[in-house]
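The sequence shown begins at 1024 in the numbering used here and counts up by one. Only one structure is covered here, and it is reproduced in the block below.
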Amino acid sequence: MYKINFKVGHSSVDHNGCLTIGGAINFLQDCSMFQLETEPVFNDYFKINNLNMVLAFRQVDFKRFPRFGEIIKVCSWVYDCNPAFGYRNTIIFDEHGEACILSYCIGAFVNANNGKITHIPREITSQIKLESPFEMDYQSRKIKLPTAKAEIFSHLTVKRYDLDRFNHMNNLRYVTIAQEYLPHYFQPNRIRVEYKIPAKYGDIIIPKRYSLEDGNYLVTLEKESGQLYAAVEFKTFKNDS
1024 MYKINFKVGH SSVDHNGCLT IGGAINFLQD CSMFQLETEP VFNDYFKINN LNMVLAFRQV
1084 DFKRFPRFGE IIKVCSWVYD CNPAFGYRNT IIFDEHGEAC ILSYCIGAFV NANNGKITHI
1144 PREITSQIKL ESPFEMDYQS RKIKLPTAKA EIFSHLTVKR YDLDRFNHMN NLRYVTIAQE
1204 YLPHYFQPNR IRVEYKIPAK YGDIIIPKRY SLEDGNYLVT LEKESGQLYA AVEFKTFKND
1264 S
């Protein structure tokens, strides 16, 4: 398990002084990548064989949004791994040890040249340190698109500031772009993202919004051809904590 402490600062909060969805996912992503660097055998194999791990799915449940100035602890670990996919939890705890934000994600092992899923040997996956999965409501990694007609918005172009170190649009940006098309009154506390095609610099993105049951929303980010870059589902659920 990899652990890192952060203090919630100005760049991570909204006008109410609460950690934003984007700020939270930034913390989750950074901790996840730091944990990945603690797996030398895994990383060496990927470098030698020109492989990448590409995010296929992420679910984030917000039990509470930490406030400005709070000290938070972010913990990340792998709980399962097979030759094609890795599964991890990354959890944000407050300074009292209470879990505020729960997440799990699935990463696909892909060939960096052609983007196809590649199976890695079990002698490599068996060396990855596994820990028990965190207790949370694990939703399906597949997001079903509604048959109802979507509301279509003006297209966007991927900018340089959208890119990550792999020269693809940062995984966080799919969420923050989609979030812009939610009604202002809507505050989700569960997000699911299914990633399909990595967007690159100059790509055109067509945002579409679907209204779901119980007042929830799904935003798809699509190519002009209709292929999906990502589907982002925003929901509210009853928090029993």
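Quick reminder that beta carbons are idealized off the backbone N, C-alpha and C, glycines included. Just so you know, these numbers come straight off a predicted model, no measurement behind them.
Three-pair Cβ contact test at 8 Å for the segment 1138-1148 versus the segment 1095-1102: Taking a contact to require three or more Cβ pairs closer than 8 Å, the segment 1138-1148 and the segment 1095-1102 do not qualify as touching.
Less than 8 Å between the C-beta atoms of MET1159 and TYR1127, yes or no? On the sequence shown, position 136 is the one that residue 1159 refers to. On the sequence shown, position 104 is the one that residue 1127 refers to. Against a cut-off of 8 Å, the Cβ pair of TYR1127 and MET1159 comes out as a contact.
ILE1253 versus ASN1134 - alpha carbon distance: Within the sequence shown, the letter at position 230 stands for residue 1253. Within the sequence shown, the letter at position 111 stands for residue 1134. Checking the displayed sequence, the identity of residue 1253 turns out to be Ala instead of Ile. Counting only the Cα atoms, ASN1134 lies some 20 Å from ALA1253.
Distance, ILE1143 Cα to ILE1151 Cα: By 1-based counting over the sequence shown, the position of residue 1151 is 128. By 1-based counting over the sequence shown, the position of residue 1143 is 120. Annotation: ILE1151 to ILE1143 spans about 12 Å, alpha carbon to alpha carbon.
Would you list the one or two residues that DSSP bridges to ASN1134? Counting from one through the sequence shown, the residue named residue 1134 turns up at place 111. DSSP, once it has assigned bridges, lists LEU1074 as partnering ASN1134.
What number of angstroms, rounded off, separates the C-alpha of TYR1006 from the C-alpha of GLU1154? There is simply no residue 1006 to check, as the chain begins at 1024 and stops at 1264 in what is shown.
Does the count of Cβ pairs from the segment 1208-1219 and the segment 1080-1097 closer than 8 Å reach three? Contact between the segment 1208-1219 and the segment 1080-1097 is present, because at least three Cβ pairs lie under 8 Å.
Tell me the start and end of each unbroken beta strand (DSSP E) in the segment 1200-1240 that is at least 3 residues and wholly inside, in chain order. Runs found: 1213-1218, 1227-1234.
Tell me the start and end of each unbroken alpha helix (DSSP H) in the segment 1150-1175 that is at least 4 residues and wholly inside, in chain order. None, since the segment 1150-1175 contains no complete alpha helix (DSSP H) of that length.
Rank MET1076, GLU1062, ASN1193 by C-alpha distance to the C-alpha of SER1149 and give the top, closest one. Within the sequence shown, the letter at position 126 stands for residue 1149. Among MET1076, GLU1062, ASN1193, the Cα nearest to that of SER1149 belongs to GLU1062.
On the criterion of 16 or more Cβ atoms from any shown chain inside 10 Å, does ASP1185 qualify as buried, or is it exposed? Taking the sequence shown and counting its residues from 1, the one referred to as residue 1185 is at position 162. Here ASP1185 is buried, its C-beta having at least 16 other C-beta atoms within 10 Å.
Beta carbon of ASN1194, beta carbon of LEU1074: below 8 Å? Reading the sequence shown from its first residue, position 171 is the one you call residue 1194. Reading the sequence shown from its first residue, position 51 is the one you call residue 1074. Their beta carbons are not under 8 Å apart, which means ASN1194 does not touch LEU1074 by this criterion.
State whether the segment 1172-1186 contacts the segment 1032-1050, with contact taken as three or more CB pairs (one from each stretch) at a distance under 8 Å. Taking a cut-off of 8 Å on C-beta distances, the segment 1172-1186 does not touch the segment 1032-1050, as fewer than three cross pairs fall below it.
Going by the DSSP bridge assignment, what does GLY1045 pair with across the sheet? Residue mapping note: residue 1045 aligns to position 22 of the sequence shown, counting from 1. DSSP lists no partner for GLY1045.
For the beta strand (DSSP E) that THR1113 lies in, which residues bound it at each end? Working through the sequence shown from its first residue, we reach residue 1113 at position 90. THR1113 -> beta strand (DSSP E) spans 1108-1116.
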